[in-house]
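K.L.:
Numbering (our numbering), first residue to last: 1 to 553.
Virtual Cβ for every residue (Gly too), placed ideally from N, Cα, C.
Predicted model, so just to flag it, every value in this text is computed and none were measured.
Put into structure tokens, the structure is as follows:
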């Protein structure tokens with residue numbers, strides 16, 4: 001099944017940051033296509049239903065613009081259609097950060113690849129890298145040895161009976177690199193040779209399975225250029241600590257953006273910075289945030305090149321729990337900041353099913369309800385009678401108190417329609433109601449055979465027959481919190497808006513004021529009704545779903 005391309009949720013310069021539990025970021029190499037001269041790396045990290053993609057592309061004879069996650073694998077294998085869009089490049093190369101609405105597990109199936117397209121000629125591919133299958137990739141950190149100043153990370157990906165080893169480390173320090181027997185504290189002989197590491201990234205395929213490397217006792221070790229007897233950095237092939245990736249946003253018109261990955265190393269943290277080169281020099285972790293930067297808390301390595309890394313004497317947990325930001329300074333004018341990113345608690349994602357859903361039927365001669373039915377309705381019937389949906393979610397039970405809501409989307413499935421393309425709006429309900437208890441027969445649209453019971457909402461009553469709506473048809477905000485185009489029998493998603501975020505935040509802060517949304521269809525003409533599946537639908541997976549991104553308090 002071909003997925004609809006998703007719009008990237010952010011780019012370098014936005015507040016994008018995610019944590020990977022119990023692993024480091026996963027890196028893949030993008031290799032040249034069609035003689036472009038362009039290569040790159042992509043670092044994937046994620047939480048819940050979202051994956052953060054930090055991408056760096058080198059300059060080449062052909063520059064890139066569009067970048068996507070495609071179905072399939074890189075040419076000459078079968079590269080399929082676009083599954084998810086990533087942030088485009090405006091100048092053909094550089095760094096970007098995108099956030100796609102797909103879990104890292106769903107991408108790590110061996111059936112996806114990251115592919116870039118030539119600027120102005122998207123049918124020409126410029127670089128491509130396969131996303132390894134889940135369980136078939138391991139990333140480890142490289143720690144500085146002998147005062148070399150070199151840090152980085154290594155991603156090992158299973159390739160059948162072989163393993164691809166991608167090394168990303170501070171350039172210009174090492175040359176030789178190997179997989180040694182033993183650990184970094186007890187290094188023994190060379191087990192496998194790796195490609196030269198004088199640059200910022202290298203890739204080698206070795207004749208050993210990933211499982212044998214993990215189950216054995218091995219380490220990746222880099223040697224000082226010109227003095228190979230002095231080791232410059234090393235990492236044990238084993239699962240290590242948590243990591244956090246943040247975006248660096250441009251400041252003062254510098255043209256610089258990028259990302260930084262912080263990885264736990266016991267009582268210390270490894271900080272890898274990748275930003276537009278040639279703009280900054282000094283870099284620090286500052287107290288405060290990017291809006292209110294304070295003094296320097298920890299110094300970082302020189303950022304004039306493509307990437308840099310440093311180990312700081314602070315735990316990752318203390319950096320996340322405190323108020324800190326990574327800040328880069330303009331080369332030659334350090335008083336002018338070039339880019340910055342806040343170190344903040346990682347986003348969490350809650351997926352909520354509807355707690356209440358119902359329909360208001362404009363039948364003035366009777367009081368109708370369908371709270372226990374399989375469907376709710378919105379729009380105007382062939383006979384000119386209005387239908388309005390009601391829907392609510394128990395936000396406070398699914399999201400911790402004190403959290404900050406940052407994104408909200410609502411997905412509802414249309415299972416029947418008499419309308420051509422139309423639009424619905426989600427309007428915040430302003431009076432209390434509860435789901436009705438009756439179930440209309442047949443297709444439920446007419447409301448026939450479903451007389452409202454005491455306490456049920458109806459067209460004139462929010463609680464039949466003791467409390468009326470202030471206005472027949474429901475009490476709701478005149479402006480929609482979100483609008484969504486509806487066209488056909490399929491799932492439709494109302495994308496996040498500031499008003500949806502405000503609604504959910506207010507319901508979290510004040511659960512007693514959570515009356516949900518009214519689903520308002522096109523009532524300007526007849527024959528616009530859409531039928532949506534409710535939480536009671538026999539297809540239990542097709543009911544309304546609210547996805548909330550939030551930052552725990």
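Check for me: the beta strand (DSSP E) holding residue 317 runs from which residue to which?
P.N.:
Looking at the DSSP string, residue 317 is not in any beta strand (DSSP E); the run it does join, the alpha helix (DSSP H), is 316-321.
K.L.:
Is the stretch 321-340 touching the stretch 286-294 in the sense that three or more CB pairs, one from each, lie closer than 8 Å?
P.N.:
They touch, by the three-pair rule.
K.L.:
When you compare only the Cα positions, how much space is there between residue 526 and residue 503?
P.N.:
Approximately 30 Å, taken between the alpha carbons.
K.L.:
Please classify residue 77: does DSSP put it in a helix, a strand, or coil?
P.N.:
Here residue 77 sits in coil by DSSP.
K.L.:
Which residue wins for smallest C-alpha separation from residue 489, given the options 420, 113, 553 and 479?
P.N.:
420
K.L.:
Looking at the structure shown, is residue 229 part of a helix, part of a strand, or coil, going by DSSP?
P.N.:
strand
K.L.:
Relative to the C-alpha of residue 41, which residue among 174, 115 and 73 is closest?
P.N.:
115
K.L.:
Can you give the beta carbon distance from residue 59 to residue 69, rounded, assuming they're within the 8 Å contact cut?
P.N.:
Wrong, their Cβ atoms sit about 23 Å apart, outside the cutoff.
K.L.:
Residue 398 by DSSP, collapsed to three states: which one?
P.N.:
Here residue 398 sits in helix by DSSP.
K.L.:
Which whole-angstrom value describes the C-beta separation of residue 265 and residue 126, a residue pair presumed to lie in contact below a C-beta threshold of 8 Å?
P.N.:
The pair is not a contact, with the Cβ atoms about 36 Å apart (cut-off 8 Å).
K.L.:
Closer than 8 Å is the cut-off here; do at least three beta carbon pairs connect the stretch 61-76 with the stretch 297-311?
P.N.:
Fewer than three Cβ pairs drawn from the stretch 61-76 and the stretch 297-311 lie within less than 8 Å of each other, which leaves the two stretches out of contact.
K.L.:
For the alpha helix (DSSP H) containing residue 499, name the first residue and the last one.
P.N.:
498-509
K.L.:
Would you say the stretch 201-220 touches the stretch 253-269, given that touching needs at least three Cβ pairs under 8 Å?
P.N.:
No, the stretch 201-220 does not touch the stretch 253-269.
K.L.:
Leaving out five residues on either side along the sequence, give the residues of the same chain with a beta carbon under 8 Å from the beta carbon of residue 302.
P.N.:
281, 282, 283 and 308
K.L.:
For residue 363, which three-state DSSP category applies?
P.N.:
coil
K.L.:
Return helix, strand or coil for residue 105, following the three-state DSSP convention.
P.N.:
Here residue 105 carries a helix assignment [DSSP, helix/strand/coil].
K.L.:
Could you give the DSSP three-state label for residue 7: helix, strand or coil?
P.N.:
Confidence in residue 7 is poor, its pLDDT being 33 and thus under 50, which makes the residue's placement too unreliable to answer from.
K.L.:
Which ranges would you report for the alpha helix (DSSP H) in the stretch 174-230 if only whole runs of at least 4 residues count?
P.N.:
210-215
K.L.:
Thinking C-alpha only, which one of 440, 462, 151 and 196 is nearest residue 271?
P.N.:
When each option's Cα is compared against that of residue 271, the closest is 151.
K.L.:
Taking all protein chains shown into account, decide if residue 76 is buried (16 or more other Cβ within 10 angstroms of its Cβ) or exposed.
P.N.:
exposed
K.L.:
From residue 542 to residue 465, what distance separates their C-alpha atoms?
P.N.:
If you take the alpha carbons of residue 542 and residue 465, they lie about 32 Å apart.
K.L.:
Are residue 206 and residue 192 close, meaning C-beta to C-beta below 8 Å?
P.N.:
yes
K.L.:
Rounded to whole angstroms, what's the CA-CA distance from residue 160 to residue 209? Just pull it up for me.
P.N.:
Those two C-alpha atoms are separated by around 7 Å.
K.L.:
In whole angstroms, what is the alpha-carbon distance linking residue 414 and residue 531?
P.N.:
6 Å
K.L.:
Looking at the structure shown, is residue 540 part of a helix, part of a strand, or coil, going by DSSP?
P.N.:
helix
K.L.:
Assuming residue 515 contacts residue 350 under a Cβ cut-off of 8 Å, what Cβ separation, rounded to an integer in Å, is found between them?
P.N.:
Not quite, the Cβ-Cβ distance comes to about 19 Å (not below 8 Å), so this is no contact.
K.L.:
Our contact map puts residue 104 next to residue 44 with C-beta atoms below 8 Å; I'd like the distance itself, whole angstroms only.
P.N.:
Confirmed, about 6 Å.
K.L.:
Return the CA-CA distance between residue 423 and residue 411, expressed in angstroms with no decimal places.
P.N.:
14 Å
K.L.:
Just tell me which of 132, 173 and 133 has its CA closest to the CA of residue 149.
P.N.:
173
K.L.:
At the level of alpha carbons, what is the spacing between residue 157 and residue 473?
P.N.:
59 Å
K.L.:
Tell me the rounded alpha-carbon separation between residue 268 and residue 143.
P.N.:
11 Å
K.L.:
Which of helix, strand or coil does DSSP assign to residue 302?
P.N.:
coil
K.L.:
Specify the secondary structure class of residue 341 as computed by DSSP and reduced to three states.
P.N.:
strand
K.L.:
Between which two residues does the beta strand (DSSP E) holding residue 162 run?
P.N.:
162-169
K.L.:
In or out: residue 313 buried (at least 16 other Cβ within 10 Å) or exposed?
P.N.:
By the C-beta density criterion, residue 313 is exposed, having fewer than 16 other C-beta atoms within 10 angstroms.
K.L.:
Less than 8 Å between the CB atoms is what I'm expecting for residue 196 and residue 219, so what's the real figure, rounded?
P.N.:
Wrong, their Cβ atoms sit about 18 Å apart, outside the cutoff.
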